[in-house]
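All remarks here apply to the structure that follows.
Residue numbers (this note's numbering), protein chains in the order written: chain A, 315 to 632; chain B, 315 to 632.
Here it is as structure tokens:
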């Protein structure tokens, strides 16, 4: 991309959108991104905001007619170079994210997204669409937020990933750490909810869908073509009434033959055994280095915004 | 660098040099490096080999007059675009590596090195020299071989490193793991030597110089200008006759105010506590992600060669 002015549109102004807006503004100078601006924001609650001021968030007010906003039409007409898709996760049909991404890619925009739904379900199709249209599709934030995950392999040219495994969901890892400490399942879940880790409906986390989405995405990225429905997913509910419920981790795994998420009782010599609380971890088995492990946050406002900022700098640097 | 033919010279054809030669040849095709060739190799044992064949290593023979080879003259006259400095480590004056690097940078070559001596002692000066001459100086292999270490921050644009700590020496970590298992110090050291981890003279490892070199290098890279002599170094010999010698790690640490290597008794909740054997680990404390940890091999033939290959692809991709 040239060094001309670059316009960025944000779709979805919840935690991730606001976090990105703030992080972008605070890091813009040190990253010498003076030629980059956030040109518009679209959110069903806050409306369509053009040329937002830096102090936008402290002055944010809901609009009355948000549900009438035609996001696809706004994307179509937008002169943005890059669209950031930060709307809600939906593992059923990927909407509305997948339609936003398709529209952006086919109307001349690069896309950055942290939205696991459309990517877990449709990555291969969307990547083809991006390639066909000569656009970038960047998805760092879909796996472990900003913590280096699959992109670590960019630092290892020539190295082949034989398999990947990890702890890809912080909420369940928190709950399992509490079970290890002797807490019961329901209390641990309530604690996760009161700390804001788990949502009111904890299905996506507890039943393994969120971790399964990441396994599907990793499988696609490493060339083991697979989508969400190809991943065998078992969550942690079976541990609720089990007597044997200590030392488990919700492990996601993929190689060219297999892809699953399930609770696995780990040995204490396994580094992943010691990844506790909401921390995530990814472990690559490679031909040149053997095992490489990365651990760090897998969610959070600034943490996820970092992923989108990494993607943005990556696109602009091209 | 343009996509014209790129010539690479190798200085030092021991474990790392041979490992790199083999890895380069085996990965050349998958990395589409058809325009890159290893044009010459210089080694005091094997002589000056021009346009080596792929099966060189199996036909390798010592030369009689190796000590008469004038490496600096060969660098001067070389038409290589990139010089790989893989000679031996010397923490006293960085020779002969530092002279090789200076000569290469001032005669139009980019430099890749895995040699900790010259970099720990003279990185700031050499980087200035590289910049002044418009050349690249790449040093991935000086910290944790090919395992992503300081270059992980390339994946986190805008993120600030507040401090860095880690386990930067596999030999001592192996010995300390054996002490944890109840072994005595001398036996553990012998075991490390018999496995090929520790050299006959284990000073560089056991007395902390090797780890100290890495702390000096990290300090320079993160802008806390410091050289080898500024790092407070304490090795693990004090644990030899100590009764309290379990649970220690040889921790390297740096921030803007401090830089040290010393044995530290870690708590079991510390992920580094569980990094055992020859594995290395690095932990960054960052403003956007909090704590990020990477663990992997810190030495080895292929593992170190991967670092140089990463640097090579990085230079060529520019």
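Using N, Cα and C, we set each Cβ at its ideal position, and we do this for glycine too.
**Request:** Tell me, please, whether the CB atom of residue 466 of chain B is closer than 9 Å to any CB atom in chain E?
**Result:** Chain labels in this structure do not include chain E; the protein chains are A and B.
**Request:** Output the distance between the C-alpha atoms of residue 355 of chain B and residue 437 of chain B, rounded to the nearest integer angstrom.
**Result:** Residue 355 of chain B and residue 437 of chain B have their C-alpha atoms spaced approximately 24 Å apart.
**Request:** Determine the extent of the alpha helix (DSSP H) in which residue 345 of chain B is found, giving its start and end residues.
**Result:** That residue, residue 345 of chain B, is in no alpha helix (DSSP H); it is neither H nor E in DSSP.
**Item:** Cα-Cα separation, residue 511 of chain A to residue 525 of chain A
**Value:** 14 Å
**Request:** Leaving aside the five residues before and after residue 545 of chain B along the sequence, list all residues of the same chain whose C-beta is less than 6 Å from its C-beta, in chain order.
**Result:** 526, 529, 530 and 573
**Request:** Might you give, ordered along the chain, the residues of its own chain that have their beta carbon closer than 7 Å to the beta carbon of residue 358 of chain B, omitting 5 neighbours on each side?
**Result:** Within the same chain, and ignoring the five residues on either side of residue 358 of chain B in sequence, the residues whose Cβ sits closer than 7 Å to its Cβ are 380, 381 and 383.
**Message:** Let me make sure I understand the geometry here. Which of B:392, B:590, B:371 and B:597 has the alpha-carbon closest to that of residue 465 of chain B?
**Reply:** Out of B:392, B:590, B:371 and B:597, B:597 has the C-alpha closest to the C-alpha of residue 465 of chain B.
**Item:** DSSP-derived helix/strand/coil call for residue 575 of chain A
**Value:** strand
**Asked** Bridge partners of residue 325 of chain A, per DSSP?
**Response** A:356 and A:399
**Item:** Residue from B:493, B:448 and B:536 with nearest C-alpha to residue 477 of chain B
**Value:** B:536
**Request:** Round the Cβ separation of residue 429 of chain A and residue 629 of chain A to the nearest angstrom and send it over; I've been treating them as touching at under 8 Å.
**Result:** Approximately 17 Å separates the beta-carbon atoms of residue 429 of chain A and residue 629 of chain A; this is outside 8 Å, ruling out the contact.
**Asked** Distance, Cα to Cα, residue 502 of chain B vs residue 330 of chain B?
**Response** 26 Å
**Message:** Counting only C-beta atoms, is residue 624 of chain B closer than 9 Å to chain A at any point?
**Reply:** yes
**Item:** Exposure label - residue 332 of chain B; buried when at least 16 CB within 10 Å
**Value:** Burial call: buried.
**Request:** Using alpha carbons as the reference points, say which of A:509, A:495 and A:547 lies closest to residue 517 of chain A.
**Result:** A:547
**Supposed contact pair residue 519 of chain A and residue 561 of chain A - C-beta distance, whole angstroms, cut 8 Å** = Actually they do not touch by this definition, with Cβ atoms about 20 Å apart.
**Message:** To the nearest angstrom, how far is the alpha carbon of residue 390 of chain B from that of residue 321 of chain A?
**Reply:** 48 Å
**Residue environment, residue 392 of chain B, which counts as buried when at least 16 other CB atoms sit within 10 Å** = buried
**Item:** Closer than 7 Å at the beta carbon, the chain B residues around residue 460 of chain A
**Value:** 470, 602 and 603
**Message:** Quick check: what's the CA-CA separation for residue 348 of chain B versus residue 338 of chain B?
**Reply:** 11 Å
**Asked** Just curious, the alpha helix (DSSP H) that residue 440 of chain A is in, first and last residue?
**Response** 430-446
**Message:** List, in chain order, every chain B residue whose beta-carbon is nearer than 9 Å to that of residue 378 of chain A.
**Reply:** Neighbours of residue 378 of chain A on chain B: none; closest Cβ ~35 Å, over 9 Å.
**Request:** Kindly indicate if chain B contains any beta-carbon less than 9 Å away from that of residue 613 of chain A.
**Result:** No, because no Cβ of chain B sits closer than 9 Å to the Cβ of residue 613 of chain A.
**Asked** For the candidate residues B:471, B:504 and B:474, whose alpha-carbon lies nearest to that of residue 486 of chain B?
**Response** B:504
**Message:** Counting beta carbon pairs with one atom in the stretch 599-608 of chain A and one in the stretch 570-584 of chain A, are three or more of them shorter than 8 Å?
**Reply:** no
**Integer Cβ distance of residue 609 of chain A from residue 624 of chain A, believed to fall under 8 Å** = About 18 Å separates the two Cβ atoms, so there is no contact after all.
**Asked** Along chain B, which residues have their Cβ under 8 Å away from the Cβ of residue 643 of chain A?
**Response** Nothing about residue 643 of chain A can be reported from this structure: the residues present for chain A run from 315 to 632 only.
**Request:** May I ask which residues mark the beginning and end of the alpha helix (DSSP H) holding residue 463 of chain A?
**Result:** Careful: residue 463 of chain A lies outside any alpha helix (DSSP H) and carries neither H nor E.
**Asked** Interface residues of chain B around residue 341 of chain A at Cβ under 7 Å?
**Response** The contacting residues are 472.
**Asked** Can you tell me whether DSSP reads residue 622 of chain B as helix, strand or coil?
**Response** helix
**Message:** Do residue 398 of chain A and residue 425 of chain A have their beta-carbon atoms positioned less than 9 Å apart in this structure?
**Reply:** When the beta-carbon positions are compared, residue 425 of chain A and residue 398 of chain A come within less than 9 Å of each other.
**Message:** For residue 499 of chain B, tell me which candidate among B:458, B:408, B:453 and B:551 has the shortest Cα-Cα distance.
**Reply:** B:551
**Asked** Curious, which full-length beta strand (DSSP E) runs of at least 3 residues does the stretch 536-578 of chain A contain?
**Response** For the stretch 536-578 of chain A, the continuous beta strand (DSSP E) assignments of 3+ residues that do not extend past its boundaries occur at 562-569, in sequence order.
**Message:** Within the continuous alpha helix (DSSP H) that includes residue 499 of chain A, where are the two ends?
**Reply:** 499-508
**Asked** For residue 617 of chain B, which residues in chain A fall below 9 Å Cβ to Cβ?
**Response** Neighbours of residue 617 of chain B across chain A, judged by C-beta separation under 9 Å: 602, 603 and 604.
**Prompt:** Thinking C-beta only, is residue 432 of chain B closer than 9 Å to residue 411 of chain B?
**Reply:** Taking 9 Å as the Cβ cut-off, residue 411 of chain B and residue 432 of chain B qualify as a contacting pair.
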